[in-house]
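Asks:
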Amino acid sequence: MINVERMNAVVAHIRAGIGRKIFMLTPQFPFMFIGIIDDVIDDVVVLEVETTHFQQLENRRWVIHIDQIEVFFIERDDAPLIPELKDLDSENRG
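In the numbering used here, the protein residues as written are 114 to 207.
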């Protein structure tokens with residue numbers, strides 16, 4: 114019962130963030146996502162991914178099972194913003 118209540122609370126929290134930027138970590142590849150929450154359908158989040166560890170996986174729509182999210186942070190009006198991550202290696206080359 115506690116797990117069901119916990120999952121419902123997490124789903125509701127993420128659903129309240131639709132249209133906002135989210136940072137999330139998962140235990141599976143590609144591990145990190147930064148993007149805009151597009152929708153929440155049952156227990157999955159639809160994410161317009163801006164940033165991951167690999168540029169080839171960016172600027173795509175990902176569907177992620179909420180139970181697979183280990184850690185997340187959603188930007189709110191009264192909270193810090195998620196910083197823009199840059200490819201520092203490419204900046205050092207030129």
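Yeah, the Cβ is synthetic: ideal placement off N, Cα and C, and Gly gets one too.
Small disclaimer: the values here were computed from a predicted structure and weren't measured.
1) Can you tell me where the alpha helix (DSSP H) with Glu118 in it begins and where it stops?
2) Does the beta-carbon distance from Asp151 to Glu163 come in below 8 Å?
3) Exposed or buried, Ile115, counting other C-beta atoms within 10 Å across all chains shown (16 or more means buried)?
4) Measure the beta-carbon distance from Ile135 to Phe185 and round it to whole angstroms, keeping in mind my assumption that it falls under 8 Å.
5) Within a Cβ cutoff of 6 Å, which residues of the same chain sit near Leu198, ignoring the five residues on either side of it in sequence?
6) Where DSSP assigns a beta bridge to Gly148, which residues make up the other side?
7) Taking contact to mean at least 3 C-beta pairs separated by less than 8 Å, is the segment 129–149 in contact with the segment 176–190?
Replies: Reading it off the structure:
1) 115–128
2) no
3) exposed
4) 6 Å
5) Thr164
6) Ile135, Val162
7) yes
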